[in-house]
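Residue numbers (the UniProt record's numbering): 1 to 133.
See structure below.
This is the structure:
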């Protein structure tokens, strides 16, 4: 992405959209493409979409519930979400008691049938909540 170039506001098919796109971040990096690669990789090896929400908010909920507390949505993205008029009067799961951790929803569980740890590591590296990582 060229430095200073205007960015398209709405990019990527919903099921492959990175968290920063879902919250409405005004700027993004190549990390959105890496996220999409991770989603597609998991879909290729499992035969089903990793996140198949019907709205940006539903996608955020699915993503947040897959990650542990230590991998939660970064504060800057939570702040963008809170200021986004599209999400007025709704709360992220990290803000309420419904954000319970469930191993069945984790990436490791979804890929547990793979004997290749490198495949799980690859997916985990692609699917980072924090685009700066």
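Beta carbons are placed, not taken as given, at the ideal position from N, Cα and C, and that holds for glycine.
In this text the structure is predicted, and so the values were computed from the model without any measurement.
Item to complete: Output the distance between the C-alpha atoms of residue 30 and residue 73, rounded to the nearest integer angstrom.
Response: Taking the straight line joining both Cα atoms gives about 18 Å.
Item to complete: Would you grab the beta carbon distance between residue 114 and residue 45 for me? Rounded to a whole angstrom, and I think it's under 8 Å.
Response: Rounded, the Cβ-Cβ distance is 7 Å, consistent with contact.
Worksheet entry | Sufficient close CB pairs (3 or more, under 8 Å) joining the stretch 84-91 to the stretch 31-41 | In this structure the stretch 84-91 does not touch the stretch 31-41; the number of beta carbon pairs closer than 8 Å is below three.
Fill in: Alpha-carbon spacing of residue 20 relative to residue 57, whole angstroms
Rounded to the nearest whole angstrom, the C-alpha separation of residue 20 and residue 57 is 12 Å.
Fill in: Exposure of residue 131, with buried meaning 16 or more beta-carbon neighbours within 10 Å
Buried, since its Cβ has 16 or more Cβ neighbours within 10 Å.
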